[in-house]
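Counting in my numbering, the sequence shown runs from 2 upward without gaps.
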Amino acid sequence: MVSRRYSIWHKLSHKGIFWYISYNAKTNFSIIYPALLFCLEKDKQEEPNGLIVFALPSNQRPNENTHLYHAPLMNIYSNGVVCQGNATLPKKITSITE
């Protein structure tokens, strides 16, 4: 779903790489990610304002009755907001690539 205020999409459960930086050393693990629901909130100028992510109970397309769970990832607040730290979001997003 895309609107002036939000872009919402989901990603199926998949095997992927999880990157972690500790004491300036990069480490990665191969993990199974759960199905995830993403919501990109935009401000009044339609520029990215923040990312929200939740885990889904299955790979089925979510709907208004789908239960949402805390995504088992780092830097995710209990309300699903991703802490971006000092990362800068791009001013415009024209497409989402894999």
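Backbone N, C-alpha and C define an ideal beta-carbon position, used for all residues, glycine too.
Pick from the options that is closest to residue i, judged by C-alpha positions
i	options	result
ILE33	TYR78, ALA56, TYR7	ALA56
GLN85	LEU41, LYS16, ARG6, LEU13	LEU41
LEU74	ALA36, ARG62, SER8	ALA36
TYR7	TYR78, LEU69, ALA72, LEU52	LEU52
Proximity of residue i and residue j at Cβ, strictly below 7 angstroms
i	j	result
TRP10	PHE30	no
LEU13	ASN64	no
Beta-carbon proximity list for residue i, same chain, < 7 angstroms, skipping 5 on both sides
i	result
HIS15	TYR34
VAL82	GLY51, ILE53
Buried or exposed (CB count within 10 angstroms, at least 16 for buried), residue i
i	result
ALA72	buried
6 angstroms Cβ shell around residue i - same chain, five flanking residues per side excluded
i	result
ASN76	CYS84
Residues bridged to residue i (per DSSP)
i	result
GLY51	GLU42
8 angstroms Cβ shell around residue i - same chain, five flanking residues per side excluded
i	result
TYR21	LYS27, THR28, ASN29, PHE30, MET75
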